[in-house]
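Asks:
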Amino acid sequence: MTETILTETRGRVGIVTLHRPDALNALNTTLMRELIEALEAFDADEGIGAIVLTGSERAFAAGADIKEMAAISHAEVIARDLFSTWDRLGRIRIPILAAVSGFALGGGCELAMMCDTVFASESAKFGQPEISLGVIPGLGGSQRLTRAVGKATAMDLVLTGRTIDAAEAARLGIVARVLPADSLLEETISVATGIAGRSRPAVIAAKESVNRAFESSLAEGLLFERRAFYGLFATDDRAEGMAAFIEKRPPEFRHR
Ligand code: CAA
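Residue 1 is where the sequence shown starts when you use the UniProt record's numbering, and the numbers rise one by one after that.
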């Protein structure tokens, strides 16, 4: 039984819905723990091939829980290593697609950027308003945002705390697709279903290779990609995928 999230499965897709309606899904300690545990459980489930993470129409998440943080001292933040649990999200191997409506501010924007791709409704609002609280982004906002949008725009967003709409977020590269609010979740689940139907070793290799672009030099990234590509020739799904193309039929992957 969870307090702050809802989970369900749709075919081979795991869906996690952030659910703290009274706090615009602010990310408190309980939510962080419940969310990570749910993601890890889906990742460990061979029947699940992709995850959709979403919130409500009003808020994906309005940031870390300010009321909880207000009561914590400097010594406690360090002793508890307040946000270290989030590192586990980076170890999820199957793709996580964020479906964002409403506010994605502070830690909410950072959580969306921790996912592998972001689909947003026309109503979505992104921003890093921490500067107004006397702090800075603490869940990777100064790093992932800068890699996504470049220095000048990251400085603009982090230093002013201004909010941007979905269209601007898409133009800047934070959001992959902008969709109508009433079809956002279904379309995201449909894309996730497509991914979950592909060969799991290829999906994991694709995710690892794209992520490697953020964590290594170009030469190392290219080498990683080539090794991953060659490695997939050892899978029977590779043989099936190529044979199915030549025989003009849909592939039947064994390892999903
Ligand atoms: N933490 C705790 N509670 C929050 C919250 C947050 N981040 N955001 C909203 N809430 C609560 C409000 O306190 C309010 O609760 P009460 O009814 O009990 O007062 C409820 O959610 C509804 O919020 P509002 O009444 O403020 O709704 P609004 O529509 O008038 O405004 C908003 C919406 C613009 C998103 C506004 O709530 C807001 O500015 N929220 C804070 C955004 C923010 O600063 N986020 C960054 C947090 S710090 C961080 O995330 C650090 C990091 O990098 C990890």
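All C-beta atoms, glycine included, are put in the ideal place defined by N, C-alpha and C.
1. In whole angstroms, give me the CA-to-CA distance for G107 and K151.
2. Using the beta-carbon count (16 or more within 10 Å), is P180 buried or exposed?
3. Of the residues S217, A120 and M155, which one's Cα is nearest the Cα of R171?
4. With a threshold of 7 Å on Cβ separation, who are the neighbours of A176 within its own chain once the five nearest residues in sequence on each side are excluded?
5. For ligand 1, any of its heavy atoms closer than 8 Å to the Cβ of F103?
6. What runs of the beta strand (DSSP E), each 3 residues or longer, lie entirely inside the stretch 28-93?
7. In this structure, what does DSSP give as the bridge partners for D182?
8. Using only alpha-carbon positions, find the residue among T188, P137 and E76 that is nearest to L105.
9. Which same chain residues end up closer than 6 Å to I189 when comparing Cβ atoms and leaving out the 5 residues on each side of it in sequence?
10. Going by the C-beta, is V203 closer than 8 Å to any heavy atom of ligand 1?
Replies: The answer reads as follows:
1. Within the sequence shown, numbered from 1, the residue matching residue 107 stands at position 107. Within the sequence shown, numbered from 1, the residue matching residue 151 stands at position 151. Roughly 19 Å between the two C-alpha positions.
2. On the sequence shown, position 180 is the one that residue 180 refers to. Result: exposed.
3. Translated into positions along the sequence shown, residue 171 becomes position 171. Measuring C-alpha to C-alpha distances from R171 to each of S217, A120 and M155 identifies A120 as the nearest.
4. Reading the sequence shown from its first residue, position 176 is the one you call residue 176. T117, V118 and F119.
5. As a position in the sequence shown, residue 103 is number 103, starting the count at 1. F103: yes, Cβ under 8 Å from ligand 1.
6. Within the stretch 28-93, the beta strand (DSSP E) runs of at least 3 residues that lie entirely inside it are, in chain order, 50-54 and 59-61.
7. Indexing the sequence shown from 1 puts residue 182 at position 182. For D182, which the question treats as bridged, DSSP gives no partner whatsoever.
8. Walking along the sequence shown from the start, residue 105 turns up at place 105. The candidate whose alpha carbon is nearest that of L105 is P137.
9. Here residue 189 corresponds to residue number 189 of the sequence shown, with the count starting at 1. Excluding positions up to five away in sequence, the list reads R10, V13 and V52.
10. Counting from 1 along the sequence shown, the entry for residue 203 is found at position 203. Outside the cutoff, so no.
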